[in-house]
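**Student:**
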Amino acid sequence: MPREFYDRPAIEVAPELLGCVLWHQSSDGLVAVELTEVEAYMGAIDSASHSYRGQTRRNAVMFGPPGHAYVYFTYGMHFCVNLVCQPAGIATAVLLRAGRIVAGEELARSRRPSSRRDTDLASGPARLCQALGIDMAQNGVDVCPVGSELLVTSTTDSYDNKICQGPRVGISSATDLPWRYWIDGDPTVSAYRAHVPRRRKPVTPSPR
DNA sequence: ATTAGGATCTTCT
DNA sequence: GAAGATCCTAATG
73 MPREFYDRPA IEVAPELLGC VLWHQSSDGL VAVELTEVEA YMGAIDSASH SYRGQTRRNA
133 VMFGPPGHAY VYFTYGMHFC VNLVCQPAGI ATAVLLRAGR IVAGEELARS RRPSSRRDTD
193 LASGPARLCQ ALGIDMAQNG VDVCPVGSEL LVTSTTDSYD NKICQGPRVG ISSATDLPWR
253 YWIDGDPTVS AYRAHVPRRR KPVTPSPR
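Read in order, the letters of the first sequence correspond to residues 73 to 280 in the working numbering.
This is the structure:
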């Protein structure tokens, strides 16, 4: 991750990450995406952040130094990846929500057989991890050094004119904060969905 | 095109 | 014990 992003709040870093490239070199091969959609999570001042209620085993990486990947497992089957922004103890991070494949498209497709179109390969935080082969093995990886299996590089493209912002997806609190950023009109940006609490399985009425 | 439900398990209350 | 920074499929308009 480019040095100019270090030690700055996630809401500043997030829009600047658009257009940057995330690379993952695994034993299967290399896949890379250009980031098209991200969300900032602001730690102690953000009730939607995993770090809002303090450090736990799951979010420990968020409380560590910037430039490291915070990966979490959710819904019993999916992984999502964040980039830690601020110094140890200030747990803000950027969730990587979508990207456009720029390398290893064939491998990405083989990892995502259910994907119908090329633009769906990494259009969503869990899809992005699937396409790149990211799982808990990458939790805590430093994404700065050249040669790291997980790497973020800056871009020469300027999207300054095309950056939009709005509410974040899938959260149930702090829904008014416009901390989701995306590239206007990009087909790989995931569809916005407001949070819908999962309905409990109906309890069968006891016989009487 | 849109919606509803299921999958599946870790995490925190 | 309940909800979750999600995705997929099947059913319906």
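Note that CB positions come from ideal geometry on N, CA and C, so glycine has one too.
Mind checking P250: buried by the 16 CB within 10 Å criterion, or exposed?
**Tutor:** So P250 ends up on the exposed side.
**Student:** Give the straight-line distance between the Cα atoms of Y185 and R172, rounded to the nearest whole angstrom.
**Tutor:** Checking the sequence, you will find Pro at residue 185 rather than Tyr. So the two alpha carbons sit approximately 17 angstroms from each other.
**Student:** Whose C-alpha, out of A163, V215, A132 and R125, is nearest the C-alpha of I83?
**Tutor:** Ranking A163, V215, A132 and R125 by Cα distance to I83 puts A163 first.
**Student:** I need the straight-line Cα distance from V85 to S123, nearest angstrom please.
**Tutor:** When rounded, the distance between both Cα atoms is 18 angstroms.
**Student:** Let me know if M208 comes out buried or exposed under the rule of 16 or more other beta-carbons within 10 Å of its beta-carbon.
**Tutor:** Under this definition M208 is an exposed residue.
**Student:** Would you call the CB atoms of S226 and A120 closer than 8 angstroms?
**Tutor:** No, the pair does not count as a contact, with Cβ atoms beyond the cut-off.
**Student:** Among F145, H140, V156 and P137, which residue has its Cα nearest to the Cα of R130?
**Tutor:** Among F145, H140, V156 and P137, the Cα nearest to that of R130 is on F145.
**Student:** Which runs of the alpha helix (DSSP H) fall wholly inside the stretch 194-219 and span at least 4 residues, in chain order?
**Tutor:** Correct list: 197-204.
**Student:** I need the boundaries of the beta strand (DSSP E) containing S98, first residue and last residue.
**Tutor:** Residues V93 to S98.
**Student:** Can you grab the Cα-Cα spacing for the pair G136 / V156, in whole Å?
**Tutor:** One C-alpha to the other measures close to 8 angstroms.
**Student:** Helix, strand or coil for V283? Go by DSSP, reduced to three states.
**Tutor:** The shown model of the chain, from 73 to 280, leaves out residue 283, and the question about it has no answer.
**Student:** How should R270 be labelled, buried or exposed, when 16 other C-beta atoms within 10 angstroms of its C-beta is the threshold for buried?
**Tutor:** It counts as exposed.
**Student:** For Y142, which residues does DSSP report across the bridge?
**Tutor:** In the DSSP output, where bridge partners are listed per residue, Y142 has N154.
**Student:** Less than 8 angstroms between the C-beta atoms of V215 and A141, yes or no?
**Tutor:** Taking 8 angstroms as the Cβ cut-off, V215 and A141 qualify as a contacting pair.
**Student:** Identify which residue in G126, M149 and E109 has its Cα closest to the Cα of I117.
**Tutor:** Measuring from the Cα of I117, the nearest candidate turns out to be G126.
**Student:** Could you compute how far the alpha carbon of T247 sits from the alpha carbon of E178?
**Tutor:** Those two C-alpha atoms are separated by around 37 angstroms.
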